[in-house]
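Protein chains in written order, with this note's numbering: chain B, 2 to 343; chain V, 2 to 343.
For every residue, glycine included, the Cβ atom is placed at its ideal position computed from N, Cα and C.
All values reported here derive from a predicted model rather than from experimental measurement.
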């Protein structure tokens with residue numbers, strides 16, 4: 002007879018909580034892709050169960066659960082937790098920040114990941130990039146935005162952190178609610194506007210059915226990095242092989258999810274514009290008002306919080322080089338491609 | 002006593018040949034990163050030895066070796082092999098083609114990888130992305146390029162495929178030689194110009210010491226995808242676990258190498274400009290002449306080769322959506338960031 006398979010390693014089982022509904026196969030889907038990859042790489046000896054928002058905890062309960070060591074990992078956006086520390090926002094997206102590619106470079110080869118993990122260590126976790134949304138849209142509005150004054154008193158669901166504070170300076174009344182609760186609020190008129198991600202996710206959530214104007218030129222998310230938040234103690238307990246598996250599975254999910262957005266967004270966009278969505282650029286004055294507000298918020302936090310200042314200054318030094326480089330590489334290439342007829 | 006470790010799987014050893022010198026820790030380095038990752042993920046049961054150009058075979062001998070099943074994998078650029086089939090170029094970079102992110106989306110979620118692997122199956126291999134250079138520079142020139150006429154008779158080392166044929170239409174006398182042989186040829190004046198990758202690699206190879214003018218606005222490589230070429234029979238012989246390891250290790254290398262270029266390029270660029278390099282944009286007429294020439298080459302191949310036509314048309318349909326999307330996402334974001342003072 003055939004000898005039974007020998008498994009030298011004990012089975013490992015982890016739980017991952019995500020901040021998203023199962024229906025979002027982009028965001029929640031990065032967790033599913035991660036789990037599938039871990040299983041394949043370990044020959045089934047390491048399994049991760051993936052739980053949508055609300056299954057194990059509320060959408061924004063992940064950092065608390067990691068701090069209390071009650072869960073091995075989460076999949077979420079760091080800027081949901083700026084109530085704990087405003088510097089969390091740097092790990093996801095900040096106004097006039099980085100693109101998807103730049104974010105990856107800052108984290109993998111610059112000081113980004115190192116500085117952020119020092120901050121996250123206080124909450125018992127470290128991060129691995131899970132997927133990047135790419136440059137996001139400026140959101141859905143029931144009325145047109147013609148000048149910065151149109152933001153005054155606007156009840157809007159938006160991402161947190163420096164961006165939320167900048168919008169507050171422009172008069173927006175920010176509502177930090179899970180994406181799944183927005184449709185009803187917009188329909189009832191208790192919400193005037195929402196920005197979530199981009200065409201594919203936004204269409205899934207039905208925002209185009211309850212708001213007419215879809216703006217682009219969003220200065221606040223050049224590329225939002227969603228991340229796996231991994232409990233430090235759980236990671237340290239893994240064998241070196243399983244630690245490598247966690248990192249490699251994150252890279253697989255990141256490559257898959259980031260490119261999936263690029264594939265899906267234009268298809269959704271065309272469909273929505275075909276059924277009545279009005280696509281509009283933010284006026285220049287709105288972008289300028291956003292820049293002024295964001296710079297004030299950066300200055301205020303930097304004056305009060307040394308940890309925020311340290312990360313902010315590192316980000317900007319890195320970014321100045323990136324802007325120099327993009328001006329002679331991807332930017333002119335994209336401009337050329339926007340001008341030729343293929 | 003402690004029981005000895007039990008290894009249920011036999012040891013697997015593969016050899017990888019790269020087209021690059023060891024000194025290029027970007028390009029050749031992606032192979033090293035891949036091998037390190039395979040070893041870590043398999044707990045040392047699967048090892049890949051990585052061999053620089055010339056160690057096992059000449060820089061451009063990889064496809065022949067894979068066809069003859071004498072090697073398990075290579076790390077190279079598909080457009081080096083357009084002598085076998087002009088459609089090979091689509092897997093790396095073609096004029097007025099895709100950016101790094103778009104290339105990934107076309108391959109992972111569009112039809113790109115599938116169509117290309119059908120072509121590559123005739124040579125017994127399939128590909129996995131190894132790293133993307135991002136938008137490349139337009140190369141080094143001993144004399145200024147003021148109009149398309151300045152390309153006439155220019156002896157230039159450049160990437161192959163549609164791009165090389167387009168440049169030939171403009172009068173360039175193309176020299177397809179390994180990057181490591183270029184310095185001497187430029188110094189001796191048997192070569193007038195070279196385009197290789199971008200600031201970091203170009204500085205390593207010393208091109209700035211033998212040519213003064215460094216051009217940007219290269220329409221030919223919006224993002225060149227270097228790839229692992231994996232022998233189909235060798236891959237099929239692996240366990241499902243080791244097959245997953247090969248794929249995941251490629252994703253790790255890709256994330257690492259693609260972002261490494263973004264980190265390193267601006268630093269090298271500043272250093273070279275500081276020591277005398279003259280940075281210049283291609284004149285608009287040069288880009289227009291390049292577009293006209295490339296369109297002619299695409300039309301000629303499409304008329305003669307159905308396989309080329311099929312991939313070209315799929316690429317362009319995908320790309321038209323990507324241009325639509327980039328015009329309202331990353332392009333305006335990069336433009337905004339080039340205009341603000343951070």
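Sequence-distant residues of its chain with Cβ nearer than 7 Å to residue i (five each side left out)
| i | result |
| --- | --- |
| residue 374 (chain B) | Nothing in the structure corresponds to residue 374 (chain B), since chain B is present only between 2 and 343. |
| residue 29 (chain B) | 19, 21, 22, 23, 53 |
| residue 179 (chain B) | 54, 60 |
| residue 111 (chain V) | 319 |
| residue 80 (chain V) | 89, 90, 93, 94, 160, 161, 162 |
| residue 33 (chain B) | 51 |
| residue 147 (chain B) | 284 |
| residue 175 (chain V) | 157, 159, 165, 168, 169 |
| residue 25 (chain B) | 202, 205 |
| residue 218 (chain B) | 139, 282, 283, 288 |
Distance between beta carbons of residue j and residue i, contact taken as under 8 Å
| i | j | result |
| --- | --- | --- |
| residue 132 (chain V) | residue 258 (chain V) | 3 Å |
| residue 286 (chain B) | residue 149 (chain B) | 6 Å |
| residue 138 (chain B) | residue 76 (chain B) | With a Cβ gap of about 22 Å, residue 138 (chain B) and residue 76 (chain B) do not count as contacting. |
| residue 232 (chain V) | residue 125 (chain V) | 6 Å |
| residue 91 (chain V) | residue 117 (chain V) | 6 Å |
| residue 193 (chain V) | residue 142 (chain V) | 7 Å |
| residue 220 (chain V) | residue 288 (chain V) | 6 Å |
| residue 328 (chain V) | residue 339 (chain B) | 5 Å |
| residue 216 (chain B) | residue 140 (chain B) | 6 Å |
| residue 335 (chain V) | residue 332 (chain B) | 5 Å |
| residue 67 (chain V) | residue 230 (chain V) | 6 Å |
| residue 13 (chain B) | residue 40 (chain B) | With 8 Å as the limit, residue 13 (chain B) and residue 40 (chain B) do not qualify as a contact, their Cβ atoms being about 11 Å apart. |
| residue 136 (chain V) | residue 330 (chain B) | 4 Å |
| residue 260 (chain V) | residue 109 (chain B) | 5 Å |
| residue 374 (chain V) | residue 99 (chain B) | A question about residue 374 (chain V) goes unanswered here, because the residues of chain V that appear run from 2 up to 343. |
Close beta carbons around residue i, own chain, < 6 Å, minus the five adjacent residues each side
| i | result |
| --- | --- |
| residue 294 (chain B) | 167, 170, 171 |
| residue 183 (chain B) | 158, 195 |
| residue 3 (chain B) | Bear in mind that the predicted position of residue 3 (chain B) carries a pLDDT of just 47, short of 50, making it too unreliable to give a figure here. |
| residue 42 (chain V) | 246 |
| residue 38 (chain B) | 250, 253 |
| residue 83 (chain V) | 89, 90, 161, 162 |
| residue 278 (chain B) | 209, 215 |
| residue 235 (chain B) | 73 |
| residue 152 (chain B) | 171, 172, 173 |
Heavy atom of the ligand NAD within 7 Å of residue i beta-carbon
| i | result |
| --- | --- |
| residue 119 (chain B) | Of ligands this structure carries none, so the ligand NAD is not represented either. |
Residues of its chain near residue i, where Cβ-Cβ distance is below 8 Å and the 5 sequence neighbours each way are ignored
| i | result |
| --- | --- |
| residue 272 (chain B) | 204 |
| residue 228 (chain V) | 76, 77, 78, 79, 92, 93, 128, 129, 130, 131 |
| residue 35 (chain B) | 17, 49, 51, 76, 131, 229, 250, 251, 253, 254 |
| residue 343 (chain B) | none |
Check whether the region 243-250 of chain B touches the region 289-306 of chain V, counting contact only when three or more Cβ pairs, one atom from each stretch, lie closer than 8 Å.
Result no; under three Cβ-Cβ pairs closer than 8 Å.
Contact the region 146-158 of chain V vs the region 250-268 of chain V: 3+ CB pairs below 8 Å
Result no; under three Cβ-Cβ pairs closer than 8 Å.
Note down, one range per segment and in chain order, each alpha helix (DSSP H) of at least 4 residues found wholly within the region 273-315 of chain V.
285-305
Does the region 102-110 of chain V come within contact of the region 312-325 of chain V, defined as at least 3 CB pairs closer than 8 Å?
yes
Selection of the region 210-240 of chain B by Cβ proximity to chain V, strictly under 7 Å
217, 218, 220, 223
Tell me the start and end of each unbroken beta strand (DSSP E) in the region 104-154 of chain B that is at least 3 residues and wholly inside, in chain order.
126-133, 140-142
Are the region 61-77 of chain V and the region 196-216 of chain V touching by the rule of at least three beta carbon pairs closer than 8 Å?
no
Pick out the complete beta strand (DSSP E) segments inside the region 28-99 of chain V, 3 residues or longer, and give them in chain order.
47-52, 74-77
Contact between the region 33-52 of chain B and the region 209-219 of chain B (3+ Cβ pairs under 8 Å):
no
Whole runs of the beta strand (DSSP E) within the region 157-192 of chain V, excluding any shorter than 3 residues
174-176
Taking Cβ-Cβ distances below 8 Å as the criterion, which residues of the region 282-309 of chain V are in contact with chain B?
282, 288, 292
At a CB distance below 7 Å, what residues from the region 17-45 of chain V approach chain B? Give them in sequence order.
38, 41, 42, 44
For the region 322-336 of chain B, enumerate the residues whose C-beta is nearer than 9 Å to any C-beta of chain V, in chain order.
322, 323, 324, 325, 326, 327, 328, 329, 330, 331, 332, 333, 334, 335, 336
Chain-ordered residues of the region 245-259 of chain B with a beta carbon less than 8 Å from chain V:
Listed by position, the residues of the region 245-259 of chain B near chain V (Cβ gap below 8 Å) are 245, 246, 248, 249, 250, 252, 253, 255, 256, 257, 259.
Counting only Cβ-Cβ distances shorter than 7 Å, please list the residues of the region 144-164 of chain B near chain V, keeping chain order.
Listed in sequence order: no entries.
Go through the region 203-284 of chain V residue by residue and report every complete run of the alpha helix (DSSP H) that reaches 4 residues or more, in order.
233-238, 241-275
Contacting positions in the region 75-98 of chain V - beta carbon closer than 8 Å to chain B
97
May I ask you to list, following chain order, the residues of the region 103-116 of chain V that have a beta carbon less than 7 Å from some beta carbon of chain B?
Within the region 103-116 of chain V, those residues whose Cβ lies closer than 7 Å to any Cβ of chain B are, in chain order, 103, 105, 106, 109, 110, 111.
Taking only beta carbons into account, state which residues of the region 190-204 of chain B come closer than 9 Å to chain V, listed in chain order.
199, 200
Select from the region 311-322 of chain V all residues with a C-beta closer than 9 Å to any C-beta belonging to chain B, and list them in chain order.
Correct list: 317, 319, 320, 321, 322.
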